[in-house]
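Anchor point for the sequence shown: position 75 equals 56 in this note's numbering, and the numbering is continuous, going up by one each time.
Here's the structure, in structure tokens; my notes come after.
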Amino acid sequence: MMRTIISTIAAVLLPLAVAHAHDVTKHELAYETKGTKVTLVYEHPLPDVPGKSVKGVLVEYEPGGYNAAHTHAKSALIYATVLEGSVLSGINGGEVKTYTAGMNFTELPGDQHDVSANASKTEPAKLLAVFVVDTDDTALTTPRKP
């Protein structure tokens, strides 16, 4: 009797769990962008460092918004600070972490940004990413292909 009840519950819940797992997987390593605006807000050559510049990029996430999995310019050292809301970030297949307003993280040259998303489905989020990059690098972000 108990085995029948457990089997019935498993039969009902398993498809829901699989569907939910698919949504999480798609969200964690998205190959598309949804509800995100990216704006270059600052650019200046670094004094006494020929060929290097600092570039500021404002990333604005709508509720539930996310960026495609991506890489940055090979020369890019990035220091990102969450200005508003909460942001999910995962790099190089590592743990996906939640950063709230005032928190920051770093990306090193060659890092692969797997997850870049608003942690909230109801509130917007913003972050400022400051790049130290080769001045000639114009493509700061390149989406990864599936």
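C-beta atoms are modelled at their ideal positions from N, C-alpha and C, and glycine is treated no differently.
> Using DSSP with H/G/I as helix, E/B as strand and the rest coil, what is Lys33?
Replying inline: strand
> Going along the chain, which residues of its own chain have a beta-carbon closer than 7 Å to the beta-carbon of Thr103, five neighbours each way excluded?
Replying inline: Pro44
> Does the Cβ of Glu43 lie closer than 8 Å to at least one heavy atom of the ligand ADP?
Replying inline: Annotation note on the ligand ADP: not contained in the displayed structure, which lists no ligands.
> Which class does Ala57 belong to by DSSP, given the choice of helix, strand or coil?
Replying inline: coil
>> Helix, strand or coil for Val77? Go by DSSP, reduced to three states.
In response: coil
>> Rounded to the nearest angstrom, what separates Gly46 and Ala54 at their Cα positions?
In response: 23 Å
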